Amino acid sequence: MTFVVATASDDDVREITRIMFKAYGGKNEYINAVFPRGLTEDGEQMTIQRLLFIKNLVSDVKWEKVSDPATGQIVGGAMWGLHQDAKPQKFGLDGPPGTWETEAEKEYAQALYNSLGEDEHAFWERNDLPCMSK
Numbered sequence: 001m002t003f004v005v006a007t008a009s010d011d012d013v014r015e016i017t018r019i020m021f022k023a024y025g026g027k028n029e030y031i032n033a034v035f036p037r038g039l040t041e042d043g044e045q046m047t048i049q050r051l052l053f054i055k056n057l058v059s060d061v062k063w064e065k066v067s068d069p070a071t072g073q074i075v076g077g078a079m080w081g082l083h084q085d086a087k088p089q090k091f092g093l094d095g096p097p098g099t100w101e102t103e104a105e106k107e108y109a110q111a112l113y114n115s116l117g118e119d120e121h122a123f124w125e126r127n128d129l130p131c132m133s134k
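Each residue of the sequence shown is one higher than the one before, starting from 1 at the first, in full-length UniProt numbering.
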């Protein structure tokens, strides 16, 4: 079976997010903490809002979809951070009011998120490497 990879629209990002939550089935602790209540309509919509905000704000963030050309159905996707002109910026984790039910849940999610990027950010700080060429 052949699949097609193409740039994802905002509507495609919505579908990719739904696919992601269904694929993990609520069993990925990182996703549960950083994107809470993902298997609920409310949590899914909040995550989509956050991801679209990033997609439309940060020019280095690119989304792609993978679809079945026979049906047009999206079967997967990816979000890429492609840094062409500068080293990646370090962003904190936040969300609109109500993203996390308690301040403790938010702090836990932020600690997980920060720990995931520690090695990457340290690597970029230690090395004067070129970014991607155009």
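Heads up, the beta-carbon is just placed ideally off N, CA and C, and yes, glycines get one too. Just so you know, these numbers come straight off a predicted model, no measurement behind them.
| query | result |
| --- | --- |
| Near Q73, which residues of its chain fall below 8 Å by C-beta distance, leaving aside the five closest residues on each side in sequence? | S67 |
| Quick check on V34: buried or exposed, where buried means 16 or more other Cβ atoms within 10 Å of its Cβ? | buried |
| Which residue from Y113, Q45, S9, E44 puts its Cα closest to that of E29? | Y113 |
| Helix or strand or just coil, what does DSSP make of K22? | helix |
| Measuring CB to CB, does K62 end up less than 9 Å from L82? | yes |
| Can you tell me whether DSSP reads S67 as helix, strand or coil? | strand |
| Once DSSP output is grouped into helix, strand and coil, what is the label at T7? | strand |
| Mind checking who residue 161 pairs with in its DSSP beta bridge? | For the chain, the structure presents residues 1 to 134; residue 161 sits outside this window and is missing. |
| Name the two residues that bound the continuous alpha helix (DSSP H) containing K55. | 41-57 |
| Do P36 and E120 come within 9 Å of each other at the CB atom, strictly closer than that value? | no |
| Given a threshold of 16 other Cβ atoms within 10 Å of its Cβ, counted over all protein chains shown, does F21 qualify as buried or as exposed? | buried |
| Does the Cβ of A109 have 16 or more other Cβ atoms within 10 Å, making it buried, or fewer, making it exposed? | buried |
| By Cβ distance below 6 Å, which residues in the same chain neighbour R14 in space, the five residues on each side in sequence not counted? | I48 |
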